[in-house]
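Under the working numbering, the first residue of the sequence shown is numbered 80, with each subsequent residue one higher. Virtual Cβ for every residue (Gly too), placed ideally from N, Cα, C. Below: one structure, written as structure tokens.
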Amino acid sequence: QSPKYTARAHTNIALIKYWGKLDQDLIIPMNSSLSLTLDKFYTDTSVFFDSTLKQDIFRLNNKESSSLKVTHFMKVLREKTGETRFAMINSENHVPSAAGLASSASAFAALALAASRAAGLVLDSRSLSRLARRGSGSATRSIYGGFVEWQQGSDDATSYAVPFEENVAWDLSMIAVVISAKQKKISSSVGMQRVVATSPYYSAWRKTAAQDLAAMKKAIKKRDFRQVGTIAEENAMKMHALNASAHPHFSYFEPASLQVMKIVADLRSNGIFCYYTLDAGPNVKIICQNKDIQTILAALAPSFSQERLVVAGPGPGVKLIDKP
Ligand code: DP6
């Protein structure tokens, strides 16, 4: 048996979205992206290798599970590290609500750190980011805390995340509105593949995403909250417009998602500056300033129960929480 390592990684929400792969197996994205790592949602994963195991065993929240993505990731890890044994993997998602926001970002960032250490490898953050990328694109960014940029690169060696601002000393929060905890109808992987293959607007997306990223970095540096929110919201809507223009077209929005978007727009016309972003599912994340949290929660309260509203702030990068 190898020693057991446990790592904790937090999820991240993209302000400039990753949507499309250049290389499916290596997970090289079509565009660079930028995210904020959050404090409230994280995954703890412990790993040890055991020569008596006939296959990897993956337990999620204390239940034996099977995940093709985890199996594939462990295969990649063994190739990289030379480890030949199978692993016992224990993962726990910490999501302070009825779930629905557990993400592959925190999962593969935590697994990359715990599994590489258990295999005897001490990787620097860049290599760890490249390794996490092989599990899920968004995991590339969860290696770091705060604002993180995933530089698309062009191959395995050049596609990794870099911290943009690790310690976010800024009055900024996200309110996650949990609309559905159900499995997404169309996985992000399938959704983005269809969009790249069929949306007539895909080349325009790549161009606009690069412009949005540059503008976003400037706005963060200037601490221009309204600019950050506007760019993030518009970038998200452009991503969802790709889905609406794919063949066959699809959408992640549910009626309640639109309801939240309208509440946010109404707040804004009343001088409460807040903005929304959505990923490959119906949940809405509202970007806001701390002084407005209570007003926004009050506006949502008639339609959404308290346990569906989770307020999160900037969170830290991946770390070991237990080692031999
Ligand atoms: C909409 O990282 O889940 O959240 O690389 O196929 O695992 P795979 O996709 P995933 O996609 C995330 C897409 C997104 C935008 C983002 O996080 O940048």
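Closer than 6 angstroms: residue i CB and nearest the ligand DP6 heavy atom
i: residue 223; result: no
i: residue 216; result: yes
i: residue 106; result: yes
i: residue 208; result: no
i: residue 123; result: no
i: residue 183; result: yes
i: residue 359; result: yes
i: residue 159; result: no
i: residue 96; result: yes
i: residue 268; result: yes
i: residue 278; result: no
i: residue 112; result: yes
i: residue 93; result: yes
For residue i, the first and last residue of its enclosing beta strand (DSSP E)
i: residue 398; result: 398 to 401
i: residue 87; result: 84 to 95
i: residue 124; result: 112 to 129
i: residue 166; result: 165 to 173
i: residue 252; result: 252 to 256
i: residue 136; result: 136 to 139
i: residue 102; result: 100 to 102
Cβ distance (whole Å) where residue i is taken to contact residue j below 8 angstroms
i: residue 415; j: residue 230; result: Since the first and last residues shown for the chain are 80 and 403, residue 415 lies out of range.
i: residue 234; j: residue 209; result: Between residue 209 and residue 234 the Cβ distance is about 10 angstroms, and since that is not below 8 angstroms, they are no contact.
i: residue 295; j: residue 98; result: That pair is no contact at about 15 angstroms.
i: residue 351; j: residue 365; result: Not quite, the Cβ-Cβ distance comes to about 11 angstroms (not below 8 angstroms), so this is no contact.
i: residue 113; j: residue 244; result: The pair is not a contact, with the Cβ atoms about 10 angstroms apart (cut-off 8 angstroms).
i: residue 217; j: residue 195; result: Contact flag wrong, Cβ pair sits at about 19 angstroms.
i: residue 224; j: residue 394; result: 6 angstroms
i: residue 172; j: residue 116; result: Between residue 116 and residue 172 the Cβ distance is about 16 angstroms, and since that is not below 8 angstroms, they are no contact.
i: residue 339; j: residue 363; result: 4 angstroms
i: residue 289; j: residue 91; result: Not really, about 20 angstroms apart at Cβ, beyond 8 angstroms.
i: residue 215; j: residue 184; result: 6 angstroms
i: residue 125; j: residue 83; result: 6 angstroms
i: residue 368; j: residue 250; result: 5 angstroms
i: residue 397; j: residue 87; result: 7 angstroms
i: residue 392; j: residue 252; result: 5 angstroms
Where the alpha helix (DSSP H) through residue i begins and ends
i: residue 246; result: No alpha helix (DSSP H) holds residue 246; DSSP gives it neither H nor E.
i: residue 322; result: 304 to 323
i: residue 282; result: 281 to 300
i: residue 148; result: 147 to 160
i: residue 144; result: It is not in any alpha helix (DSSP H) - residue 144 instead sits in the beta strand (DSSP E) that spans 142 to 144.
i: residue 272; result: 267 to 277
Uninterrupted alpha helix (DSSP H) stretches inside the stretch 176 to 205 (no shorter than 4 residues): 183 to 197
At least three beta-carbon pairs within less than 8 angstroms, the stretch 161 to 171 to the stretch 187 to 195: yes
Runs of alpha helix (DSSP H) wholly within the stretch 329 to 392 (minimum 4 residues, chain order): 334 to 348, 372 to 379
The stretch 308 to 325 contacting the stretch 272 to 285, beta-carbon criterion three pairs below 8 angstroms: yes
Minimum length 4: unbroken alpha helix (DSSP H) runs contained in the stretch 205 to 242: none
Touch test, the stretch 254 to 265 against the stretch 378 to 387, Cβ-Cβ under 8 angstroms, three pairs minimum: yes
Cβ contact check for the stretch 263 to 270 and the stretch 135 to 142: 3 or more pairs under 8 angstroms: no
Stretch pair the stretch 98 to 106 + the stretch 118 to 138: three plus CB contacts closer than 8 angstroms: Output reads no: the stretch 118 to 138 does not touch the stretch 98 to 106.
Given 8 angstroms, three or more beta-carbon pairs between the stretch 350 to 365 and the stretch 298 to 313: yes
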